[in-house]
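Residue numbers (my numbering), protein chains in the order written: chain A, 1 to 233; chain B, 1001 to 1233. By construction, the Cβ of each residue, glycine as well, lies at the ideal position given by its N, Cα and C atoms. To start, the structure under review is shown below, and the notes come after it.
There are 2 protein chains.
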Amino acid sequence: MIVLYELTGADDARRFSPAVWRVRMALRHKGLAFEGRPWRFTEKEAIAPSGGGTVPVIVDRGRWVRESFAIAEYLEDAYPDRPSLFGSGEGRALGRFMLAWVDRTLAFPVSRLILTDIFSHLAEGDRDYFRQSREKRFGRRLEEVCPDPEAELASIRLLLEPVRRLAAVQDFMGGGMPGFADYALYGTFMWARMVSTRLALAEDDPLRAWLGRVDRLFDREGPRALEAAGMRA
Amino acid sequence: MIVLYELTGADDARRFSPAVWRVRMALRHKGLAFEGRPWRFTEKEAIAPSGGGTVPVIVDRGRWVRESFAIAEYLEDAYPDRPSLFGSGEGRALGRFMLAWVDRTLAFPVSRLILTDIFSHLAEGDRDYFRQSREKRFGRRLEEVCPDPEAELASIRLLLEPVRRLAAVQDFMGGGMPGFADYALYGTFMWARMVSTRLALAEDDPLRAWLGRVDRLFDREGPRALEAAGMRA
């Protein structure tokens, strides 16, 4: 069975990595059996054979693959008879572009918004690592990274406009069927909701309906995980 | 024959609207005969039947259609036997997302970089309109909008990272074949090159090779237009 290393907080059920969520949803989309293995920031040795020090990492029949897009491409090529994650060549490009956009546009602002919430849920052994690496990245104390959460949220809502335009005209990012482009974005919402209630969408935001549609996939994979960690969908 | 209203400068050959270039390339992609009709900012009445006051506007068999993505969808649906602009449902989503990204991410920075170059090429009758509307938009005099062009260019090169990632792994934005997602981005480069030499890509930027590939389409549609306006490709 495929093994998926998943970043967790103090509670094994608090799987909060956005990139791991892309892969978890991709594995469910493909209908592949897998075992999620809890992993924490400081357990670098456990995933060393992958060639890197961050998750997601999968091990499939002895083969290690890391990074969410590389894993999606691996799964697509290794299991061509399963439902496609991309749908077409253009769908693969859409997935790659969506992921690049999420990484460059959303990752930092959302990170700032939920940084102290993440910290409060970490395992004891991960706290020093997290505080030091993030305070270096943001150039200030964790508690000072987001002095105005309301302004940060307003800014994030504006940044979401390109995906909002897609959600306004179709059910999923690529059209009528879900695929990797959805999971690339959905990971960001799972990340936030696993530790925080701050990333809220406006009532009339078309992205709310999209989020609900992805929430209902795979027997409510996302909401069930949120509930297991004591969070609301 | 389809009529395409095209924004021009003092010289009819200086067709510099990014949105019109998306449509010109789309018409060529479809292999449709069309007449480009020079149009200037202040000639609102000429295109009033379109329902708006900006180009691109096409008239096809008495039907007026405006805005580049709406025109692309119109052409795709009205001429289904011609080469597809999207390739697939996901390709249509990619085109829509690319356009939203270009509009939200690139339009303002590139506009700042080339603003005075645009102004210098305008028809006399368009100058007051342009100065007033753009000085209102940017909140300062045209000549003060871009005090540091080198820093602006460096920032634009960073902003291009998501499309650079696509160009690094495939010939065109959607994969192996050109389509509307390419033209959505290409319009920005034609806009800049029609009036300015400032939007330069680094020698080793994968986007340079992509730009060259789109330049070579349709008997060098873009470079021929640049040469006709006295600019270099």
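Pick from A:E76, A:I156 and A:P80: whose alpha carbon is nearest that of R112 (chain A)? A:I156
Candidates A:F97, A:D117 and A:E143: closest to R193 (chain A) by CA position: A:D117
Any chain A beta carbon closer than 8 Å to S1068 (chain B): no
Integer Cβ distance of F180 (chain A) from L106 (chain A), believed to fall under 8 Å: Not a contact, Cβ separation roughly 16 Å.
Rounded to the nearest angstrom, what separates E124 (chain A) and A10 (chain A) at their Cα positions? Going from the Cα of E124 (chain A) to the Cα of A10 (chain A) covers about 7 Å.
Which residue comes first and which comes last in the beta strand (DSSP E) that contains L4 (chain A)? I2 to L7
Proximal chain B residues relative to M173 (chain A), where beta-carbon distance stays under 7 Å: A1093
Using a Cβ distance threshold of 8 Å, determine whether the stretch 1094 to 1101 of chain B contacts the stretch 1161 to 1177 of chain B, with at least three qualifying pairs required. yes
Tell me R1028 (chain B)'s beta-bridge partners as DSSP assigns them. Beta-bridge analysis with DSSP links R1028 (chain B) to no other residue.
Select from A:R104, A:W101, A:A100 and A:R131 the residue whose C-alpha is nearest the C-alpha of L115 (chain A). A:R131
Should L7 (chain A) and V65 (chain A) be called a contact, given that it needs their Cβ atoms to be closer than 8 Å? At a Cβ-Cβ threshold of 8 Å, L7 (chain A) and V65 (chain A) do not count as neighbours.
Is the beta carbon of A1013 (chain B) sitting closer than 8 Å to the one on A1229 (chain B)? yes
Secondary structure of G1125 (chain B), DSSP reduced to three states: DSSP places G1125 (chain B) within a helical segment (H, G or I) once states are collapsed to three.
Let me know if S1133 (chain B) comes out buried or exposed under the rule of 16 or more other beta-carbons within 10 Å of its beta-carbon. exposed
Kindly indicate if chain B contains any beta-carbon less than 8 Å away from that of P83 (chain A). no
Uninterrupted beta strand (DSSP E) stretches inside the stretch 1019 to 1083 of chain B (no shorter than 3 residues): 1034 to 1039, 1057 to 1060 and 1063 to 1066
Please check if any C-beta of chain A sits within less than 8 Å of the C-beta of E1161 (chain B). yes
For F1172 (chain B), the three-state DSSP class (helix, strand or coil): strand
Collapsed DSSP secondary structure at R1015 (chain B) in the structure displayed: strand
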